[in-house]
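**Q**
Protein chains in written order, with this note's numbering: chain A, 27 to 230; chain B, 27 to 230; chain C, 27 to 230.
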């Protein structure tokens with residue numbers, strides 16, 4: 027899809043932030059410099075690769091435009107260079123991560139609908155796009171994926187993907203529906219962190 | 027492929043049962059409600075997604091027909107609602123799981139042969155279809171995949187997939203060969219549970 | 027791509043050696059015989075499957091030619107039969123593993139360039155081809171992937187894939203560029219093992 031310049035910029039911002047988060051996870055596990063870059067790239071580009079492979083949009087977009095690989099590496103490099111400062115940036119990182127989640131989710135949903143996928147399938151693919159990179163990061167660094175555990179994370183993606191898809195189905199323009207969807211994901215995620223919202227545990 | 031109504035029903039039954047098993051695994055790991063649904067969907071649809079992606083049948087079937095997503099979610103929901111009763115259902119769950127393994131394996135083998143894959147490749151893809159969802163479930167919930175460990179599980183799939191493929195190659199009709207294959211997988215699995223059959227450990 | 031007979035032979039040698047390494051990992055985790063074969067096949071063929079799926083070269087090559095599946099199984103079988111002798115073969119195994127890494131990486135890079143992927147993307151895909159099977163092996167056997175941790179492994183692949191791609195871009199013939207790339211990967215890996223070279227840890 028031809029992305030609106032604003033969304034194109036936000037897409038790259040999401041790649042950058044997820045790249046940082048991958049490198050931070052690598053550092054916590056005492057991996058070497060290469061491991062940091064690998065996890066940065068996998069986290070930043072993994073969700074989009076899963077989306078493209080499941081849709082049959084190959085070669086996956088991450089390999090078509092070297093810019094994505096470069097921005098993901100830049101995120102990893104930033105985490106290595108500024109690792110001392112990153113603890114102080116913790117709060118703004120959460121903001122940017124929530125932004126990335128919102129952008130990747132609505133991009134995934136929109137691209138899937140554009141390829142003729144049904145609405146429920148497109149919502150699922152949107153969530154996979156938004157959360158897939160983080161899941162790969164957690165599996166490779168031997169953690170139970172965060173999104174499966176306790177925080178309001180993927181649920182925010184579910185709500186936003188549904189809004190985005192529903193508005194598109196009602197004939198709202200893609201920029202508005204995607205903006206609303208990504209904004210709601212961002213807000214839900216930030217509010218849940220601030221007010222410590224949780225989903226009930228299964229089986230309680 | 028146009029599925030015979032009986033196989034189509036059994037396919038959905040397999041999706042349902044594997045959905046339940048994913049939600050049970052999530053509950054054991056104290057995941058939240060979203061984690062339960064995610065694991066339910068991944069377990070129920072993961073094997074088919076792996077199959078479709080490796081064959082190039084994209085978009086993956088699970089995204090083409092919302093019914094699959096609905097049935098997988100229904101399985102996850104059932105596990106959440108009836109979690110108290112499920113321990114008592116343990117035995118019949120094993121039966122249905124064995125049935126699902128049989129159905130998914132022969133479906134995978136048959137679809138692969140239909141796409142011109144060689145017999146050994148089709149058997150491998152059948153096993154991946156039958157066991158892939160459970161492998162993803164175990165990796166995401168931080169367990170060594172059960173099928174790699176000790177039970178007669180994937181070996182049953184191997185025998186049934188080989189039978190199914192061999193009978194098809196001999197000109198037997200697909201309904202008969204798939205029925206025989208799925209039935210043998212079901213029986214081998216159930217008998218191995220009842221009589222505690224195991225494969226020898228490697229290196230003994 | 028039509029492989030030069032020499033590379034075709036080396037490709038199969040790589041499959042064989044990675045098959046052995048998968049079965050050894052299974053034995054260390056006390057998996058059963060089936061688990062050994064599964065890990066052997068996943069390790070030997072996984073990197074190529076990831077490459078083909080991301081490139082859209084489906085059905086994945088491993089399913090097109092039964093020879094690959096046979097050679098991977100033969101590797102697993104060898105590890106089971108000669109498990110007593112393998113500790114003594116430890117040193118030559120490392121040599122062969124380094125050779126496999128070199129071959130798979132340059133094959134992945136060359137095939138990707140041949141499909142019109144940009145140089146950075148082709149290098150990334152080459153590294154994924156060379157190290158992907160081992161990563162799947164480690165994730166399935168519940169280890170933090172070795173390549174993410176401490177050894178000069180994927181960095182060797184990065185250097186060799188870059189050399190291979192760079193020489194191709196300069197008009198050097200594919201046999202020479204691939205030979206140089208694979209040779210450099212092999213040498214870097216062997217030298218790093220002999221002289222205990224490591225990358226710095228992140229955040230130090």
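Ideal Cβ placement from N, Cα and C applies to all residues, glycine included. Quick caveat, the model's predicted, so the values are computed rather than measured.
Quick check on residue 214(B): does DSSP put it in helix, strand or coil?
**A** Mapped onto the second chain, residue 214(B) falls at position 188. In this structure, residue 214(B) counts as helix in the three-state DSSP scheme.
**Q** Would you give the residue range spanned by the alpha helix (DSSP H) that residue 78(C) belongs to?
**A** Along the third chain, read from residue 1 onward, the residue named residue 78(C) stands at position 52. Segment 59-81, the alpha helix (DSSP H) holding residue 78(C).
**Q** May I ask you to report which of helix, strand or coil DSSP gives residue 177(A)?
**A** In the first chain, the residue the question calls residue 177(A) occupies position 151. Residue 177(A): strand per DSSP, three-state reduction.
**Q** Below 8 Å on the Cβ atoms is my contact criterion, and I expect residue 266(B) with residue 45(B) to pass it. Report the Cβ-Cβ distance as a whole number of Å.
**A** Here chain B comprises residues numbered 27 to 230, so residue 266(B) is not present and cannot be evaluated.
**Q** Using a cut-off of 7 Å between C-beta atoms, extract the partners of residue 141(A) located in chain B.
**A** Position 115 of the first chain, counting from 1, holds the residue named residue 141(A). In chain order: 85.
**Q** Using a cut-off of 8 Å between C-beta atoms, extract the partners of residue 79(C) located in chain A.
**A** As a first step, residue 79(C) must be located in the third chain, where it is residue number 53. Result: 79 and 84.
**Q** Using a Cβ-Cβ distance cut-off of 9 Å, determine whether residue 188(B) contacts chain C.
**A** For the purposes of this step, residue 188(B) is taken as the residue at position 162 of the second chain. No, residue 188(B) lies away from the interface with chain C (no Cβ there is under 9 Å from its Cβ).
**Q** Please compile the residues from chain A whose C-beta is within a distance smaller than 7 Å of the C-beta of residue 111(B).
**A** The sequence position of residue 111(B) within the second chain is 85, counting from 1. Per Cβ cutoff of 7 Å: no residues; residue 111(B) is ~12 Å from chain A at best.
**Q** What are the uninterrupted segments assigned as alpha helix (DSSP H) that are 4 or more residues long and contained completely in the stretch 98-167 of chain B, given in chain order?
**A** Those alpha helix (DSSP H) runs which fall completely within the stretch 98-167 of chain B and span 4+ residues are 109-112, 116-140 and 145-166.
**Q** What span of residues does the alpha helix (DSSP H) with residue 88(B) cover, start to end?
**A** Along the second chain, read from residue 1 onward, the residue named residue 88(B) stands at position 62. Element bounds for residue 88(B): 87-90.
**Q** Counting only the same chain and skipping the five closest in sequence on each side, list residues whose C-beta sits under 8 Å from that of residue 39(A).
**A** Position 13 of the first chain, counting from 1, holds the residue named residue 39(A). 122, 125, 126 and 129.
**Q** Indicate whether the contact test is met: 3 or more Cβ pairs, each with one atom in the stretch 62-79 of chain B and one in the stretch 89-100 of chain B, closer than 8 Å.
**A** Cβ pair count under 8 Å is three or more, so yes.
**Q** Can you pull the chain B residues whose beta carbon is under 8 Å from the beta carbon of residue 66(A), in chain order?
**A** Counting from 1 along the first chain, the entry for residue 66(A) is found at position 40. Residues of chain B passing the Cβ test: none, with the nearest at roughly 21 Å.
**Q** Out of 202(A), 171(A) and 196(A), point me to the one whose CA is closest to residue 55(B)'s CA.
**A** Sequence index remark: in the second chain, residue 55(B) carries index 29 (1-based). Considering only alpha carbons, the answer is 171(A).
**Q** Let me know if residue 197(A) comes out buried or exposed under the rule of 16 or more other beta-carbons within 10 Å of its beta-carbon.
**A** Within the first chain, the letter at position 171 stands for residue 197(A). So residue 197(A) ends up on the exposed side.
**Q** Output needed for residue 109(B): all residues of its chain with C-beta closer than 7 Å, excluding positions within five of it in sequence on either side, in chain order.
**A** By 1-based counting over the second chain, the position of residue 109(B) is 83. Result list for residue 109(B): 53, in chain order.
**Q** Please name the residue in 136(A), 104(A) and 168(A) whose C-alpha comes closest to that of residue 187(A).
**A** Taking the first residue of the first chain as position 1, residue 187(A) is located at position 161. Cα-wise, what sits closest to residue 187(A) is 136(A).
**Q** With burial defined as no fewer than 16 other Cβ atoms inside 10 Å of the residue's Cβ, what is the status of residue 184(B): buried or exposed?
**A** Within the second chain, numbered from 1, the residue matching residue 184(B) stands at position 158. Buried, because 16 or more other Cβ atoms sit within 10 Å of the Cβ of residue 184(B).
**Q** What residues in the stretch 150-169 of chain B have a beta carbon less than 9 Å from any beta carbon of chain A?
**A** Within the stretch 150-169 of chain B, the residues whose Cβ lies closer than 9 Å to some Cβ of chain A are 165, 166, 167 and 168, listed in chain order.
**Q** Is DSSP giving residue 220(B) helix, strand or coil here?
**A** On the second chain, position 194 is the one that residue 220(B) refers to. Residue state, collapsed to three classes: helix.
**Q** Give the interface partners of residue 171(A) over in chain C, defined as CB-CB distance under 9 Å, in chain order.
**A** Position 145 of the first chain holds residue 171(A). Chain C residues near residue 171(A): none, gap ~13 Å exceeds 9 Å.
**Q** Determine the DSSP secondary structure at residue 49(A), reduced to helix, strand or coil.
**A** For this step, residue 49(A) is matched to residue 23 along the first chain. Three-state DSSP puts residue 49(A) in a helix.
**Q** My output table needs one value for residue 56(A): the three-state DSSP class, helix, strand or coil.
**A** What you label residue 56(A) is simply residue 30 of the first chain in a count that begins at 1. Note: residue 56(A) maps to coil in three-state DSSP.
**Q** With 9 Å set as the bound, which would you pick, yes or no: does the beta-carbon of residue 70(A) sit closer than that to a beta-carbon of chain B?
**A** The residue you call residue 70(A) lines up with position 44 of the first chain. No - not a single Cβ of chain B is within 9 Å of the one on residue 70(A).
**Q** Nearest by alpha-carbon distance to residue 132(B): which of 120(B), 212(B), 169(B) and 105(B) is it?
**A** Translated into the one-based positions of the second chain, residue 132(B) becomes position 106. The shortest C-alpha separation from residue 132(B) is found at 212(B).
**Q** Roughly how far, in whole angstroms, is the beta-carbon of residue 214(C) from the beta-carbon of residue 206(C), given that I think they are within contact range, below 8 Å?
**A** The residue you call residue 214(C) lines up with position 188 of the third chain. The residue you call residue 206(C) lines up with position 180 of the third chain. 12 Å between Cβ atoms; not a contact.
**Q** If we call anything under 9 Å between Cβ atoms a contact, is residue 49(C) one with residue 82(C)?
**A** Taking the first residue of the third chain as 1, we reach residue 49(C) at position 23. Taking the first residue of the third chain as 1, we reach residue 82(C) at position 56. For residue 49(C) and residue 82(C), no; Cβs fall outside 9 Å.
**Q** Starting from the C-beta of residue 147(A), find all residues in its chain whose C-beta is less than 8 Å away, skip the five residues before and the five after it, and write them out in chain order.
**A** The residue you call residue 147(A) lines up with position 121 of the first chain. So the list reads 138, once near-sequence residues are dropped.
**Q** To the nearest angstrom, report how far apart residue 165(C) and residue 165(B) are at their CA atoms.
**A** Along the third chain, read from residue 1 onward, the residue named residue 165(C) stands at position 139. Along the second chain, read from residue 1 onward, the residue named residue 165(B) stands at position 139. Answer to the nearest angstrom: the Cα atoms are 7 Å apart.
**Q** Looking at the C-beta of residue 44(A), does it have a partner C-beta in chain C at a distance below 9 Å?
**A** Along the first chain, one-based indexing puts residue 44(A) at 18. False, the Cβ-Cβ gap to chain C never drops below 9 Å.
**Q** Taking 9 Å as the cut-off, decide whether the C-beta atoms of residue 210(A) and residue 189(A) are in contact.
**A** Taking the first chain and counting its residues from 1, the one referred to as residue 210(A) is at position 184. Taking the first chain and counting its residues from 1, the one referred to as residue 189(A) is at position 163. Yes. Within cutoff.
**Q** As a quick exercise: from 61(B), 78(B), 63(B) and 66(B), pick the residue whose alpha carbon is nearest that of residue 140(B).
**A** Residue mapping note: residue 140(B) aligns to position 114 of the second chain, counting from 1. It is 78(B) whose Cα lies nearest to the Cα of residue 140(B).
**Q** With H, G and I counted as helix, E and B as strand and the rest as coil, what does DSSP make of residue 197(B)?
**A** As a position in the second chain, residue 197(B) is number 171, starting the count at 1. Residue 197(B) falls in the coil class under three-state DSSP.
**Q** Pick helix, strand or coil for residue 225(A), following the three-state DSSP scheme.
**A** Working through the first chain from its first residue, we reach residue 225(A) at position 199. DSSP places residue 225(A) in coil when its eight states are reduced to three.
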